[in-house]
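Engineer: Those sequence lines, one after another, are chains A and B. Under this note's numbering, the first sequence has 299 at position 97, and the numbering climbs by one with no breaks. Under this note's numbering, the second sequence has 447 at position 427, and the numbering climbs by one with no breaks. Note that CB positions come from ideal geometry on N, CA and C, so glycine has one too. Mind having a look at this structure? Questions to follow.
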Amino acid sequence: MFIDGVAFALMGSALAIGLAGIGSALGVGIAGEAGAGVMTEDPSKFGQVLLLQALPGTQGIYGLLSGFWVLLKLGLFGGTPVDVTTAQGLQILFACLPIAIVGLISGISQGKTSAASIGLIAKRPEETGKAIILPAMVETYAVLALLATILLLNSIQL
Amino acid sequence: MAIRNMKKLEILIHRSLHDETFDLLQDMGVLQITSRQDFKNEDLPEEFHSEDLERNINEVRYCLDFINKYRTEKQPFLESFFPTPIPIKKSEFLEKVFNHNQIYKKCQSIEEQLNTIRASMNRLNAQLEFLNRIESLPIALEDIGSTRYVKSYLLEINETQYPLLQDRLEKIGKELSLQKFSGKERKCFAFLIIYQDLIEPVENILAEESISILSLPQAFEGTPKEAIQSVKKKIQNFEKQRANVEKEAVSLLKHESELKITLDYYASELERRNSEAHIFKTHDVCLITGWAIEETIPAIEERMKSIGKEWVISQRDPDPGEDVPIALENGPWSRNFDVLTNLYGLPNYTEIDPTPFVAIFFFAYFGICLGDAVYGLIVALIGFLAPNFIQMPDSSKRFFRMLAWGGIASMIFGALTGSWMGDTFDYLPSFLGFITTLKNKLMIINPINNPLPMIIVSIAIGIIQVLVGLLIAFFKEWKRKNYLDAIYDKLSWFFFILSIVIYIVAMAMIPSIKTFGLWFVIATALFLVGTQGRSKKNIILRIFSGLYSLYGITSYLGDVLSYSRLFALGLTTTIIAMLGRTIAGLFGSSPYFGWIIWIVIFVGFTVFNILMSGLGAFVHSARLNYVEFFTKFYENGGKPFQPLQYKTKYVKFTEE
Numbered sequence: 203m204f205i206d207g208v209a210f211a212l213m214g215s216a217l218a219i220g221l222a223g224i225g226s227a228l229g230v231g232i233a234g235e236a237g238a239g240v241m242t243e244d245p246s247k248f249g250q251v252l253l254l255q256a257l258p259g260t261q262g263i264y265g266l267l268s269g270f271w272v273l274l275k276l277g278l279f280g281g282t283p284v285d286v287t288t289a290q291g292l293q294i295l296f297a298c299l300p301i302a303i304v305g306l307i308s309g310i311s312q313g314k315t316s317a318a319s320i321g322l323i324a325k326r327p328e329e330t331g332k333a334i335i336l337p338a339m340v341e342t343y344a345v346l347a348l349l350a351t352i353l354l355l356n357s358i359q360l
Numbered sequence: 021m022a023i024r025n026m027k028k029l030e031i032l033i034h035r036s037l038h039d040e041t042f043d044l045l046q047d048m049g050v051l052q053i054t055s056r057q058d059f060k061n062e063d064l065p066e067e068f069h070s071e072d073l074e075r076n077i078n079e080v081r082y083c084l085d086f087i088n089k090y091r092t093e094k095q096p097f098l099e100s101f102f103p104t105p106i107p108i109k110k111s112e113f114l115e116k117v118f119n120h121n122q123i124y125k126k127c128q129s130i131e132e133q134l135n136t137i138r139a140s141m142n143r144l145n146a147q148l149e150f151l152n153r154i155e156s157l158p159i160a161l162e163d164i165g166s167t168r169y170v171k172s173y174l175l176e177i178n179e180t181q182y183p184l185l186q187d188r189l190e191k192i193g194k195e196l197s198l199q200k201f202s203g204k205e206r207k208c209f210a211f212l213i214i215y216q217d218l219i220e221p222v223e224n225i226l227a228e229e230s231i232s233i234l235s236l237p238q239a240f241e242g243t244p245k246e247a248i249q250s251v252k253k254k255i256q257n258f259e260k261q262r263a264n265v266e267k268e269a270v271s272l273l274k275h276e277s278e279l280k281i282t283l284d285y286y287a288s289e290l291e292r293r294n295s296e297a298h299i300f301k302t303h304d305v306c307l308i309t310g311w312a313i314e315e316t317i318p319a320i321e322e323r324m325k326s327i328g329k330e331w332v333i334s335q336r337d338p339d340p341g342e343d344v345p346i347a348l349e350n351g352p353w354s355r356n357f358d359v360l361t362n363l364y365g366l367p368n369y370t371e372i373d374p375t376p377f378v379a380i381f382f383f384a385y386f387g388i389c390l391g392d393a394v395y396g397l398i399v400a401l402i403g404f405l406a407p408n409f410i411q412m413p414d415s416s417k418r419f420f421r422m423l424a425w426g427g428i429a430s431m432i433f434g435a436l437t438g439s440w441m442g443d444t445f446d447y448l449p450s451f452l453g454f455i456t457t458l459k460n461k462l463m464i465i466n467p468i469n470n471p472l473p474m475i476i477v478s479i480a481i482g483i484i485q486v487l488v489g490l491l492i493a494f495f496k497e498w499k500r501k502n503y504l505d506a507i508y509d510k511l512s513w514f515f516f517i518l519s520i521v522i523y524i525v526a527m528a529m530i531p532s533i534k535t536f537g538l539w540f541v542i543a544t545a546l547f548l549v550g551t552q553g554r555s556k557k558n559i560i561l562r563i564f565s566g567l568y569s570l571y572g573i574t575s576y577l578g579d580v581l582s583y584s585r586l587f588a589l590g591l592t593t594t595i596i597a598m599l600g601r602t603i604a605g606l607f608g609s610s611p612y613f614g615w616i617i618w619i620v621i622f623v624g625f626t627v628f629n630i631l632m633s634g635l636g637a638f639v640h641s642a643r644l645n646y647v648e649f650f651t652k653f654y655e656n657g658g659k660p661f662q663p664l665q666y667k668t669k670y671v672k673f674t675e676e
């Protein structure tokens, strides 16, 4: 039984890191394409473009954080491994799903918004502040998903 | 703490004082000149044409761009964000006579030469590509073409096709010669010489077999190999030529600061000329109208005295509905946060300046979101020191100071939640154990082991900001004498939310006031039901729309829950720091050079974490203020106060 539980928990950890990471990778990629286009016209916008491109990168961090939390909880990261039943393993797996799923999709959406914002600063560089706020509106839901994952993980007793 | 009072000034001067007055106004930079629509100039003398100035500005800009393109030495990274200003005395600046024309012509001629060279090189490279294809042919290229009696072709055909071609050509007649040369990739070349009489049948055959005749892009001499050599030589010559011309372009760099000063001069001149075009003139007098900050008016009058007596200044308050430009004035602390108000959009003239409130909340939010004592210290040091070491405009200085104060807040919240580079301080060497003890003593909430208190704190802060927003909205309506709206729409919601909070607190902690809390909720809810439908005539409709309005509590609930991000972002910083510490520890335990790896990984994670968490802290703190707070009361739409002044992008005035 010991093996099953850990396997499920690790799957949760892997999904959180993997899916949220994919979301961020796609999002940062979409924003980067738009940014490179803008910089062919005006390379001096590098700073602002980089800032906007970095915004969809946070989902990956949230996923990594959740996955790391699971590893800490299991005692696999410098500590003594904890016994995990199948049920507990499944609980951890499900607890990881919010950030995994929301991270994947919100990362892509935020990337699109960032790309649009990069288009905005191409024409009106003085509006960088507003351009940064729009992608942050998407990120709200990634933060909420992270919050859910953390609270769920925290409520599981090992 | 507020929006500065503006006055509409009307300065009536004798025509002879025109230039001196504008000198003075531009020097002071206190008056935003507007035009008076109700007057018509009686004579329209020297109508101002801005084309000359604009052309000059464009030419100087072109020169600067050109010089920048051929800059050889790398500029420091910071220079691109905060260019070092050129110091110059104001009097020197105003007497600036620099003829940029020569440099402009030079830039143009260099660019033309480079374009010609580039075009020639493109052509030569295309030739080279062609010659490389037929490189192995041993024939002299000048032999291809036609003479009086014969014509020669160079053909490129498939190996398999060659016998067929040979066959068909032989059938036409004997007066031709066909020679085969090996080529690349299953192709071969054929050199065909024929008498002029045979042109038609031969070309027919070639067309039927769809064989391509290679035509030379240009007349070459010698075999392809020799031709390649000569083309390469030509390219080398052009390259040498280009290097020389580019050297010339680089040498123009010495004029850069001259050009920058000139550009600023022309821009200031254009600004002034455009302002002058706005004013009203008669044969003897000029009338200058514009906006000025109330406190600066005595200074204007004082300075005007020095230029003569033939002037009158009158002032009046802005009329309601007039488009008054906005200048904010804030205390030495909250001033640093006005970038946030500017980002969202300046307030209307009748609106209140939200900067002091935003300052306090942003300070706290940034602190919670970054949420680490050591990172806070690093951000605070950078934020306070950078403006002293790097020359930058005032607005950037304030931005850095805002981050620095956020860093200080982060030190406080980091200490309270026990995050010092995550949990790194738990692993200090034993002789530093007292620091760990101190850290643990300061910690009052541990969000990792017990997240609930921190979430409650976040949401409580959110409730406070929403309530503050409603109170501000109430006072705003009250000041505008909309007493009923103020009480029914703003104060009632304020008390309804407050009553719910009291009831929840009572249920959780103080059972003795539970009944009071419940009645408080019921009373405020009834008040809302009774007043929210007041626009409806029908009594039933009125009650129903009153009841429906209670549904509005969901939007407040959404607002308040949104503040839970404060907790999540603060925790993110801590956990990423822990992750960095753990991974650094894993790799750092390798023998001999382990400590180097440890330092590299740990420092890398720290820098990354500060950057990403700092970005997140800024963005989300700003968002909470904009979306959850400003929507309660704030109306933006003000235009910034832009007085006539020197438009300087590159220069900075020094003491005379």
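#1: Using a threshold of 8 Å, state whether the C-beta atoms of B:T594 and B:I475 are closer than that.
#2: Around the Cβ of B:W353, are there at least 16 other Cβ atoms within 10 angstroms (buried) or fewer (exposed)?
#3: Residues of chain A with a CB under 8 Å from the CB of B:M632: which are they?
#4: Can you tell me whether DSSP reads B:L487 as helix, strand or coil?
#5: Can you tell me whether B:H640 is buried or exposed? The criterion is at least 16 other CB atoms within 10 Å of its CB, across all chains shown.
#6: Does the CB of A:V304 have a neighbour CB from chain B at under 8 Å?
#7: At a CB-CB cut-off below 7 Å, which residues of chain B make contact with A:G249?
#8: Between B:L401 and chain A, is the shortest Cβ-Cβ distance under 8 Å, so that the two count as touching?
#9: Along the beta strand (DSSP E) that carries B:Q335, what are the first and last residues, could you check?
#10: Reducing DSSP to helix, strand and coil, say where B:H34 ends up.
#11: If I follow the unbroken alpha helix (DSSP H) through B:G657, where does it start and stop?
#12: In its own chain, which residues sit with a C-beta less than 6 Å from the C-beta of B:I465, not counting the 5 before and 5 after it?
#13: Would you mind sorting A:L355 into buried or exposed? The rule is 16 or more other CB atoms within 10 Å of its CB.
#14: Could you tell me whether the Cβ of B:V488 comes closer than 8 Å to any Cβ of chain A?
#15: From the DSSP output, in three-state form, read off A:T277 for me.
#16: How big is the Cα-Cα spacing for B:I388 and B:Y583?
#17: Quick check: is the beta carbon of A:V345 nearer than 8 Å to any beta carbon in chain B?
#18: Tell me the residue span of the beta strand (DSSP E) that contains B:G310.
#19: Could you confirm whether any beta carbon from chain B is found closer than 8 Å to the beta carbon of A:L323?
#20: Are there 16 or more other CB atoms within 10 angstroms of the CB of B:Q238, so buried, or fewer, so exposed?
#21: Taking only beta-carbon atoms, is B:G438 less than 8 Å away from chain A?
#22: Is it a yes or a no for the region 653 to 664 of chain B touching the region 263 to 272 of chain B, going by three-plus beta-carbon pairs under 8 Å?
#23: Give the residues from the region 330 to 345 of chain A that approach chain B closer than 9 Å (Cβ to any Cβ), ordered along the chain.
#24: Looking at the structure shown, is B:T54 part of a helix, part of a strand, or coil, going by DSSP?
#25: Mind checking the region 32 to 44 of chain B against chain A and listing, in chain order, the residues whose C-beta falls within less than 7 Å of any C-beta there?
#26: Go ahead and label B:V117 buried or exposed: buried means 16 or more other beta carbons lie within 10 angstroms of its beta carbon, across all protein chains shown.
#27: Along chain A, which residues have their Cβ under 7 Å away from the Cβ of B:G636?
#28: Should B:I33 and B:T41 be called a contact, given that it needs their Cβ atoms to be closer than 8 Å?
#29: Are the Cβ atoms of A:S316 and A:L254 separated by less than 8 Å?
#30: So B:A588 contacts chain A; which residues on that side make the cut at Cβ distance below 9 Å?
#31: What residues in the region 267 to 287 of chain A bring their beta carbon closer than 7 Å to a beta carbon of chain B?
#32: Applying the 10 Å Cβ sphere with the 16-neighbour rule, what's the burial state of B:M529?
#33: Unbroken alpha helix (DSSP H) runs of length 4 or more, entirely within the region 368 to 448 of chain B: which are they?
#34: Taking only runs of the beta strand (DSSP E) that begin and end inside the region 236 to 319 of chain B, which ones reach a length of at least 3 residues, in chain order?
#35: Contact defined as beta carbons within less than 8 Å: I believe B:L13 pairs with B:E330. What is the distance between those atoms, to the nearest angstrom?
#36: Counting C-beta neighbours from all protein chains within 10 Å, is the total for B:R554 16 or more, i.e. buried, or is it exposed?
Structural biologist: Result, derived from the coordinates:
#1: no
#2: exposed
#3: The answer, in chain order, is A256, G259, T260, I263.
#4: Here B:L487 sits in helix by DSSP.
#5: buried
#6: no
#7: Neighbours of A:G249 on chain B, chain order: F101.
#8: For B:L401, no Cβ of chain A is located within less than 8 Å of the residue's own Cβ.
#9: Looking at the DSSP string, the run of the beta strand (DSSP E) that includes B:Q335 is 331 to 336.
#10: Correct three-state label for B:H34: strand.
#11: Counting along the chain, B:G657 falls outside any alpha helix (DSSP H), though it belongs to the beta strand (DSSP E) covering 656 to 658.
#12: Answer for B:I465: T437, P473, M474, listed in chain order.
#13: buried
#14: no
#15: First, the residue type needs correcting, since residue 277 of chain A is Gly and not Thr in the sequence shown. If DSSP states are grouped into helix, strand and coil, A:G277 belongs with coil.
#16: 11 Å
#17: Answer yes: the Cβ-Cβ gap between A:V345 and chain B drops below 8 Å somewhere.
#18: 305 to 313
#19: According to the sequence as given, residue 323 of chain A is Ile; it is not Leu. Output row for A:I323: interface = no.
#20: exposed
#21: For B:G438, the answer is no, since every Cβ of chain A falls outside 8 Å of its Cβ.
#22: no
#23: T330, G331, K332, I334, I335, P337, A338, M339, E341, T342, V345
#24: strand
#25: none
#26: exposed
#27: Simply T260.
#28: yes
#29: yes
#30: Y264, V345, L346, L348, L349, I352
#31: Those would be L267, F270, W271, F279, G280, in chain order.
#32: Of the other Cβ atoms in all chains shown, fewer than 16 fall within 10 Å of the Cβ of B:M529; this residue is therefore exposed.
#33: 375 to 390, 393 to 409, 414 to 436
#34: Listed in chain order, the beta strand (DSSP E) runs fully inside the region 236 to 319 of chain B are 305 to 313, counting runs of at least 3 residues.
#35: Because chain B here runs from 21 to 676, residue 13 of chain B falls outside it and cannot be looked at.
#36: exposed
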